[in-house]
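Chemist:
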Amino acid sequence: MADHSHSHNHDQFHGHSHGHGHGHGHSHAHGNGETQNREYFNQQASSYDSKHEKTLDQLIEEIRKRIDFIGVEWADEESSDEEEEGEKDDTKEKREVRLLDYACGTGLVSRALAPYTTQCVGVDLSENMVATYNARAANQGLTPEEMHAHVGNLCLPTTSPSYSTQSQLFSSPDFYRFDLAAICLGFHHFDDPPLAARRLAERLKPGSGVLMILDFLPHEKMDASHPASDTVIHHGFSKEHIQKIFEDAGVGQDFGFEELAVVFNKATETRGEMRRKIFMARGTRKAE
Ligand SMILES: C[S@@+](CC[C@H](N)C(=O)[O-])C[C@H]1O[C@@H](n2cnc3c(N)ncnc32)[C@H](O)[C@@H]1O
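Numbering (UniProt numbering), first residue to last: 1 to 288.
So, in structure tokens, the structure goes:
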């Protein structure tokens with residue numbers, strides 16, 4: 001498996017750029033993001049978890065700290081209240097809470113939220129990321145009904161030659177009526193983030209389903225020679241930009257936006273230290 005990191009002191013989380021001038025926090029869509037992302041993340045999959053272990057653990061902690069902020073009616077809420085009151089009834093069914101972990105990678109969001117959900121469904125366009133996700137889920141003793149990922153791209157424009165095959169693959173009711181759809185560190189890789197938000201919004205329960213996005217706040221453009229540079233289509237997002245994307249996708253209800261304590265710091269050869277701040281945004285799908 002190729003390792004491009006030998007000549008660059010950074011990784012796919014940071015230090016990426018197209019090296020040509022689009023506006024701060026915005027950039028053009030290449031239209032080739034799918035191929036570049038699949039290739040790059042297929043190469044990264046086997047080393048992703050070990051390479052980023054500390055950061056991934058921090059992100060899991062940050063996500064769990066914001067369980068209330070995310071605002072889903074979680075599966076374990078009732079039972080934990082009952083436990084406190086000493087009247088737990090084991091015969092009572094757990095509330096069903098289904099997560100769509102989009103651009104799931106090796107399953108960071110699924111692992112963070114598994115204790116609060118009853119089903120985690122991952123989708124990613126990298127076969128190797130999906131294989132790693134499923135191997136980890138199986139190693140944890142989880143059944144495919146509890147945690148399983150699929151190879152796919154739900155963000156293709158209708159004009160794409162693969163659009164109809166992909167929509168067929170994900171047309172069953174198993175891929176709809178989610179309580180939560182989450183994208184962690186995927187949004188800046190997408191050709192068309194507003195389209196991605198609309199596509200995920202459609203798969204949420206009307207009136208209660210929540211879209212959650214974790215990504216970078218606007219940041220400087222960086223070294224174009226980085227192997228991930230072609231996978232990064234957007235240089236972060238402002239609160240206003242994200243709120244508009246949520247509203248336009250019909251998931252702007254009770255919009256919330258918080259900056260996370262995790263900061264990516266990395267020294268580069270040419271620019272000294274780089275900092276990447278991360279936000280979490282949430283919004284509820286409006287009732288039909
Ligand atoms: C930086 S990783 C983040 C993975 C994981 N969510 C995490 O936080 O660790 C970005 C992921 O987005 C996936 N990806 C990029 N573009 C995608 C698209 N259009 N549809 C689905 N997945 C995509 C990549 O294959 C990669 O696994």
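Beta carbons are placed, not taken as given, at the ideal position from N, Cα and C, and that holds for glycine. The structure displayed is predicted, hence computed values, not measured ones.
Here's the rule I'm using: 16 or more other beta-carbon atoms within 10 Å means buried, otherwise exposed. How should A135 be labelled?
Modeler: Exposed, because fewer than 16 other Cβ atoms sit within 10 Å of the Cβ of A135.
Chemist: Just to confirm the assignment: which complete alpha helix (DSSP H) runs, minimum length 4, are found wholly within the stretch 151-190?
Modeler: DSSP runs (the alpha helix (DSSP H)) wholly in the stretch 151-190: 163-169.
Chemist: Have a look at F237 and F216 and give me their C-alpha separation to the nearest angstrom.
Modeler: Cα-Cα distance, rounded: 6 Å.
Chemist: According to DSSP, is S79 part of a helix, a strand, or is it coil?
Modeler: In this prediction, S79 scores a pLDDT of 49, lower than 50, which makes its location untrustworthy; no coordinate-derived value is stated.
Chemist: Who are the Cβ neighbours of E96 in its own chain at under 6 Å, not counting the five residues just before and after it?
Modeler: Only T118 meet the Cβ criterion.
Chemist: If M280 sits next to M212, beta carbons under 8 Å apart, how far is it from one beta carbon to the other, in whole angstroms?
Modeler: With 8 Å as the limit, M280 and M212 qualify as a contact, their Cβ atoms being about 7 Å apart.
Chemist: Does the beta carbon of M212 fall short of 7 Å from some heavy atom of ligand 1?
Modeler: M212: no, Cβ never under 7 Å from ligand 1.
Chemist: Report yes if the C-beta distance between A181 and L204 is below 8 Å; otherwise report no.
Modeler: It is a contact, given that the beta carbons lie within the stated cut-off.
Chemist: Taking a contact to mean a Cβ-Cβ separation below 8 Å, would you say D76 touches P115 in this structure?
Modeler: Going by C-beta atoms, D76 is nearer than 8 Å to P115.
Chemist: Among E220, L100, G105, A224, which one has its Cα closest to the Cα of A45?
Modeler: Checked all of E220, L100, G105, A224; the closest Cα to A45 is G105.
Chemist: Of all the options K244, D230, P193, S172, which has the alpha carbon lying nearest to the alpha carbon of G256?
Modeler: Among K244, D230, P193, S172, the Cα nearest to that of G256 belongs to K244.
Chemist: What's the gap between the Cα of G141 and the Cα of E220?
Modeler: Computed Cα separation, rounded: 42 Å.
Chemist: Is the distance from the Cβ of Q36 to the Cβ of D230 below 8 Å?
Modeler: In contact: Q36 and D230 (Cβ atoms closer than 8 Å).
Chemist: With respect to 7 Å, is the separation between the Cβ of M280 and the closest non-hydrogen atom of ligand 1 below this value?
Modeler: Not under cutoff, so the answer is no.
Chemist: For T132, count neighbouring Cβ atoms within 10 angstroms of its own Cβ and tell me buried if that reaches 16, exposed if not.
Modeler: Label assigned to T132: buried.
Chemist: Using CA coordinates, which residue listed in S47, H234, A149 is at the minimum distance from R111?
Modeler: Looking at the Cα atoms, A149 is the closest of the given residues.
Chemist: Verify the contact flag: F264, CB atom, against every heavy atom of ligand 1, threshold strictly below 7 Å.
Modeler: Every heavy atom of ligand 1 is 7 Å or more from the Cβ of F264, so no.
Chemist: Would you tell me roughly how many angstroms separate the C-alpha atoms of D124 and K54, rounded to the nearest one?
Modeler: Approximately 22 Å, taken between the alpha carbons.
Chemist: Can you list the beta strand (DSSP E) stretches of 3 or more residues lying completely in the stretch 126-154, in chain order?
Modeler: Listed in chain order, the complete beta strand (DSSP E) runs (minimum 3 residues) inside the stretch 126-154 are 147-151.
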